[in-house]
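Working notes, structure below.
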Amino acid sequence: EGTFHDEVEIEDFEFDEETDTYYYPCPCGDRFAISKEDLENGEDVATCPSCSLLVRVVYDKDLFMKGEVVTAPAPAAKSLHTA
Numbered sequence: 043e044g045t046f047h048d049e050v051e052i053e054d055f056e057f058d059e060e061t062d063t064y065y066y067p068c069p070c071g072d073r074f075a076i077s078k079e080d081l082e083n084g085e086d087v088a089t090c091p092s093c094s095l096l097v098r099v100v101y102d103k104d105l106f107m108k109g110e111v112v113t114a115p116a117p118a119a120k121s122l123h124t125a
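Here it is in structure tokens:
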């Protein structure tokens, strides 16, 4: 895990409904971004596309997951070795 520039409450992020993404201003002038899908998957790192800073998003994971995790179960891997 890298070093975090800051820890930011999800309430402080701005939600964009069109992109389903949460944004927070970055010191470099751009914005940190984390998608709603990332949050639902338990991710808590928002990245800035313009610089290397990261912020840890402080949020209630249970609130986002709502038991509706849409990760498709991986089919049982039948390893087919074709020579």
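Quick note: the sequence shown uses our numbering, first residue 43, plus one each step. For glycine and all other residues, C-beta sits at the position ideal for the given N, C-alpha and C.
Inclusion of V97 and I52 in the CB contact set at 7 Å is not warranted, their separation being larger than that value.
The beta carbons of F74 and T89 sit about 7 Å from each other, so the pair counts as a contact at 8 Å.
DSSP places D80 in the helix class (H, G or I) of the three-state scheme. Taking C-alpha positions only, L81 is separated from L95 by approximately 18 Å. For D104, the enclosing alpha helix (DSSP H) starts and ends at 103 to 107. Beta-bridge annotation (DSSP): L96 is paired with T89.
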